[in-house]
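Student: Once you've had a glance at the structure underneath, I'll fire off some questions.
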Amino acid sequence: MLCLVATQPTLSKARGAPYLTGDADSGLPRVFEETATGALFLFSGSALSTFLSAICGIVVANLLGPELYGIYSLAFVIPGFLIVFTGLGVNAALTRYIAYYKSRGEDGRVALLIKRGLLFTTAESVLVFVVAYFLLGELTALLTNRPWLVELVRVILVLVVLQTAFNVASSILLGFGDAKGCSLVNITLQLFRAILAPLFVILGFNVPGALAGNAIAYVIGVVIGFFSISKHYKELNLNAGFNAYSLREDLVLMLGYGMPLYFASVLGSLNDTFRNTILAHSTPSDFVIGNFNLALRFTAMVTLLVTPVSSILFPAFSKLSGNSEDLKRMFTYSVKYSSLLVVPVSVFVILSSRELIIAVIRTTEYTLAPWYLSLLTLNYLYVGLGSAVLGSFFSGLGDPGVYLKSMLVYTGVFVPLSTALTFLLGVEGLIASIVMATGVSTLYGLGVAVRKYRVKLDYVGVSRIYLAALVSALPLLPLTVILQGPPVVKLAVNAVIYMLAYLTFAPMVKAVNGSDVEFMAGVFAKIKPLKPLVKVIADLENMLLELFG
């Protein structure tokens, strides 16, 4: 496989996961393996956390009934709105600088940044909480149009402080490279939500009980998160690399780095609000809007693959920010391996959207949602151009301004385009605007990465991945017509056939080579329940690679 990078790394043939090698002192092999393993743990944790969160929502909805569940949902609007004003990007700064200074042995600097980052985020979130507490009546009336909800909102308002603390704890753990710990903390939070919220409803506390269950679960999550951090903190050599920076200097450092990412996040939220507003004004049918929002929720299945990759690459690029050749190789391989996973999953979702939706929601009433889901999933096919990697790449290098500019490019394309196309074409026009704006934004980011940091994509290798994913879809086309039976069965059969086809065509078109198989098998085998299946797949891939030469 041709890899278009400045210095071609080699892959060792040692038993287990292969190592990317280049310069003798390169830190890439260790970082790349840690990154891949971390992404796998984050994916597993995200999948289980999402499942537990869904269980919590479904059980509480069934216990409360539609009206009370609506009230329960509205109570979260106020803390959700206020959390936007917390953190100010310091979370991302902590992830970046902990990874950066830790990789350079400056443990004393790491310890000081953790203390000051926690001090700032805690003080700022408490300030937001106090101001909101005294203005809660006005905020509740303004944002929910139900002033009588104010007493229920008081129960859950503490989430402003707790969720901020939880987010900071997760960011610090990622900075230490503890993806497993980060996942376990999130799973614990969602597990206690799924237990306590329904339990308090069953005990007769109704909506206040469900809200209190959520708050208590966050307290437990925060405690466990900081306990995990304390274990890493105790291992720091506080005298190593210590510099007497003032509190003001450290806050300027963290806010200077984090504010562009914060503004990009706020801009993303505004884009979502604009999307919902333009859809509401252009589409009189609530049925159509309901189908679109359901499809949007189902895209989370692909996001489950993308988010762990982006999250774990952030500290990884921070560790390598002093080595330009390692950065180039890391970028190239990150795009390739994320494409190997995301592209086939996206193609499968596009083709099996109807079976997927019906199998999950157990109704055929959402007739438009499968079509909308197929169109929305096109957005994830930009992964081969680095869409899952670029944000982490720039943030890890301490260049978050590029990410903000990418979001501005997205907004500059999306707002006028969606305004025109949604009124002309309806939901299809809105989705087309989203896909086109994402494409332009991704190309902008890739252009900056190529010009400024001299990275290169493995265009040949990535093209072969797309080819393998598309060719593997051919057997599914007649099956959608021929195969009869329950949607769950059809979905399972389609998934097995597509996976087998992809595992066959990927080595046939040389989308993967022996080193890729060895590396990915070594990573996935670290999850013990998967080890037997991973061995079977790896043996199959190696056999096909030998067969196809």
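In the numbering used here, each residue carries its 1-based index in the sequence shown increased by 1010. Every residue gets a Cβ at the ideal spot worked out from N, C-alpha and C, and that includes glycine. Given the structure is predicted, the values throughout are model-derived calculations rather than measurements.
Roughly how far, in whole angstroms, is the beta-carbon of L1104 from the beta-carbon of G1185, given that I think they are within contact range, below 8 Å?
Tutor: Mapped onto the sequence shown, residue 1104 falls at position 94. Mapped onto the sequence shown, residue 1185 falls at position 175. Right, the Cβ-Cβ distance comes to about 6 Å (below 8 Å), so this counts as a contact.
Student: Check whether the segment 1077–1092 and the segment 1364–1381 are in contact - that is, three or more C-beta pairs closer than 8 Å.
Tutor: no
Student: Classify I1492 as buried or exposed, calling it buried when 16 or more other Cβ atoms lie within 10 Å of its own Cβ.
Tutor: The residue labelled residue 1492 in the question sits at position 482 within the sequence shown. Exposed: under 16 other Cβ atoms inside 10 Å.
Student: Taking contact to mean 3 or more Cβ pairs, one atom from each stretch, closer than 8 Å, check whether the segment 1064–1083 and the segment 1202–1218 are in contact.
Tutor: yes
Student: Would L1314 pass as a contact of F1053 if the rule is Cβ separation under 8 Å?
Tutor: Locating residue 1314 in the sequence shown gives position 304, counting from the first residue. Locating residue 1053 in the sequence shown gives position 43, counting from the first residue. Yes; because the gap between Cβ atoms is below 8 Å, this pair is in contact.
Student: Rank R1285, A1057, Y1454 by C-alpha distance to the C-alpha of S1397 and give the top, closest one.
Tutor: Taking the first residue of the sequence shown as 1, we reach residue 1397 at position 387. Cα-wise, what sits closest to S1397 is Y1454.
Student: Taking the C-alpha atoms as reference points, what is the distance between Y1413 and L1467?
Tutor: Walking along the sequence shown from the start, residue 1413 turns up at place 403. Walking along the sequence shown from the start, residue 1467 turns up at place 457. Between Y1413 and L1467, the C-alpha separation is close to 19 Å.
Student: Would you mind stating whether V1165 and T1096 have Cβ atoms separated by less than 8 Å?
Tutor: For the purposes of this step, residue 1165 is identified with residue 155 of the sequence shown, where counting begins at 1. For the purposes of this step, residue 1096 is identified with residue 86 of the sequence shown, where counting begins at 1. Result no, Cβ atoms of V1165 and T1096 do not sit closer than 8 Å.
Student: Would you mind stating whether T1550 and N1523 have Cβ atoms separated by less than 8 Å?
Tutor: Locating residue 1550 in the sequence shown gives position 540, where the first residue counts as 1. Locating residue 1523 in the sequence shown gives position 513, where the first residue counts as 1. The sequence given here places Leu at residue 1550; Thr does not occur at that position. Against a cut-off of 8 Å, the Cβ pair of N1523 and L1550 comes out as no contact.
Student: With DSSP run on the structure shown, which of helix, strand or coil describes R1339?
Tutor: Here residue 1339 refers to the residue found at position 329 when the sequence shown is read from its first residue. Reduced to three states, the DSSP call for R1339 is helix.
Student: I need the straight-line Cα distance from L1159 to T1150, nearest angstrom please.
Tutor: Position 149 of the sequence shown holds residue 1159. Position 140 of the sequence shown holds residue 1150. If you take the alpha carbons of L1159 and T1150, they lie about 7 Å apart.
Student: Identify the continuous alpha helix (DSSP H) that holds D1296 and give its terminal residues.
Tutor: Taking the sequence shown and counting its residues from 1, the one referred to as residue 1296 is at position 286. Taken as a continuous stretch (DSSP letters only), the alpha helix (DSSP H) holding D1296 covers 1296–1308.
Student: Using 10 angstroms around the beta-carbon of K1112, count the other beta-carbons present and answer buried if the total reaches 16, otherwise exposed.
Tutor: On the sequence shown, residue 1112 is found 102 positions in, with the first residue counted as 1. Buried, because 16 or more other Cβ atoms sit within 10 Å of the Cβ of K1112.
Student: Helix, strand or coil, according to DSSP, for E1077 in the structure here?
Tutor: Position 67 of the sequence shown, counted from the first residue, corresponds to residue 1077. Three-state result, E1077: helix.
Student: Can you give me the C-alpha to C-alpha distance between L1183 and T1374, rounded to a whole angstrom?
Tutor: On the sequence shown, residue 1183 is found 173 positions in, with the first residue counted as 1. On the sequence shown, residue 1374 is found 364 positions in, with the first residue counted as 1. L1183 and T1374: Cα-Cα distance of roughly 43 Å.
Student: Looking at Y1243: is its Cβ nearer than 8 Å to the Cβ of F1176?
Tutor: Within the sequence shown, the letter at position 233 stands for residue 1243. Within the sequence shown, the letter at position 166 stands for residue 1176. Not a contact, by the Cβ cut-off of 8 Å.
Student: Give the straight-line distance between the Cα atoms of K1545 and L1201, rounded to the nearest whole angstrom.
Tutor: Looking up residue 1545 in the sequence shown gives position 535. Looking up residue 1201 in the sequence shown gives position 191. When rounded, the distance between both Cα atoms is 31 Å.
Student: Based on Cα-Cα distance, which residue from S1320, M1446, I1088, A1516 lies nearest to L1169?
Tutor: As a first step, residue 1169 must be located in the sequence shown, where it is residue number 159. For the residues S1320, M1446, I1088, A1516, the minimum Cα distance to L1169 belongs to I1088.
Student: When the distance is taken between beta carbons, is K1346 closer than 8 Å to V1472?
Tutor: Along the sequence shown, read from residue 1 onward, the residue named residue 1472 stands at position 462. Along the sequence shown, read from residue 1 onward, the residue named residue 1346 stands at position 336. Their beta carbons are under 8 Å apart, which means V1472 touches K1346 by this criterion.
Student: Can you check which of these residues, L1167, D1282, V1136, is closest to A1225 by C-alpha distance?
Tutor: Taking the first residue of the sequence shown as 1, we reach residue 1225 at position 215. Nearest C-alpha to A1225: L1167.
Student: If you compare alpha carbons, which of V1359, S1525, A1305 is closest to S1482?
Tutor: Within the sequence shown, residue 1482 is the residue found at index 472, counting from 1. Here the closest residue by C-alpha is V1359.
Student: Would you call the CB atoms of L1323 and S1356 closer than 8 Å?
Tutor: Taking the sequence shown and counting its residues from 1, one reaches residue 1323 at position 313. Taking the sequence shown and counting its residues from 1, one reaches residue 1356 at position 346. Not in contact: L1323 and S1356 (Cβ atoms no closer than 8 Å).
Student: Could you tell me which whole beta strand (DSSP E) segments of length 3 or greater appear in the segment 1184–1263?
Tutor: none
Student: If contact is defined by three or more beta carbon pairs under 8 Å, each pair taking one atom from either stretch, is the segment 1439–1446 in contact with the segment 1419–1431?
Tutor: yes
Student: Going by C-alpha to C-alpha distance, which of A1535, K1125, L1487 sits closest to S1256?
Tutor: Indexing the sequence shown from 1 puts residue 1256 at position 246. Out of A1535, K1125, L1487, K1125 has the C-alpha closest to the C-alpha of S1256.
Student: Suppose contacts are defined by Cβ-Cβ distances below 8 Å. Is I1299 in contact with T1432 by that definition?
Tutor: Position 289 of the sequence shown holds residue 1299. Position 422 of the sequence shown holds residue 1432. I1299 is not a Cβ neighbour of T1432, given a cutoff of 8 Å.
Student: Taking 8 Å as the cut-off, decide whether the C-beta atoms of L1480 and N1504 are in contact.
Tutor: For this step, residue 1480 is matched to residue 470 along the sequence shown. For this step, residue 1504 is matched to residue 494 along the sequence shown. No.
Student: For Q1494, count the other beta carbons within 10 Å of its own beta carbon; 16 or more makes it buried, fewer makes it exposed. Which is it?
Tutor: Within the sequence shown, residue 1494 is the residue found at index 484, counting from 1. That one is exposed.
Student: Just to check my reading of the structure: L1246 and V1120 have Cβ atoms closer than 8 Å, yes? What is that Cβ distance to the nearest angstrom?
Tutor: Translated into positions along the sequence shown, residue 1246 becomes position 236. Translated into positions along the sequence shown, residue 1120 becomes position 110. Indeed they touch by this definition, with Cβ atoms about 6 Å apart.
Student: On the DSSP letters alone, give me the boundaries of the alpha helix (DSSP H) that V1370 sits inside.
Tutor: As a first step, residue 1370 must be located in the sequence shown, where it is residue number 360. Run containing V1370: 1363–1371, per the alpha helix (DSSP H) assignment.
Student: Quick check: I1475 and L1350, are their CB atoms within less than 8 Å of each other?
Tutor: Translated into the one-based positions of the sequence shown, residue 1475 becomes position 465. Translated into the one-based positions of the sequence shown, residue 1350 becomes position 340. Cβ atoms of I1475 and L1350: closer than 8 Å.
Student: Would the beta-carbon of I1234 fall within 8 Å of that of Q1173?
Tutor: On the sequence shown, residue 1234 is found 224 positions in, with the first residue counted as 1. On the sequence shown, residue 1173 is found 163 positions in, with the first residue counted as 1. Not a contact, by the Cβ cut-off of 8 Å.
Student: Can you give the Cα-Cα distance for E1134 and I1371, rounded to whole angstroms?
Tutor: Within the sequence shown, residue 1134 is the residue found at index 124, counting from 1. Within the sequence shown, residue 1371 is the residue found at index 361, counting from 1. So the alpha carbons of these two residues sit roughly 41 Å apart.
Student: I believe G1408 touches Y1267 by the beta-carbon criterion, under 8 Å. Please report the beta-carbon distance rounded to the nearest angstrom.
Tutor: Position 398 of the sequence shown, counting from 1, holds the residue named residue 1408. Position 257 of the sequence shown, counting from 1, holds the residue named residue 1267. Their Cβ separation, rounded to whole angstroms, is 6 Å, which keeps G1408 and Y1267 in contact under 8 Å.
Student: Do the CB positions of G1099 and Y1272 come within less than 8 Å of each other?
Tutor: The residue labelled residue 1099 in the question sits at position 89 within the sequence shown. The residue labelled residue 1272 in the question sits at position 262 within the sequence shown. In this structure, Y1272 lies closer than 8 Å to G1099 by Cβ.
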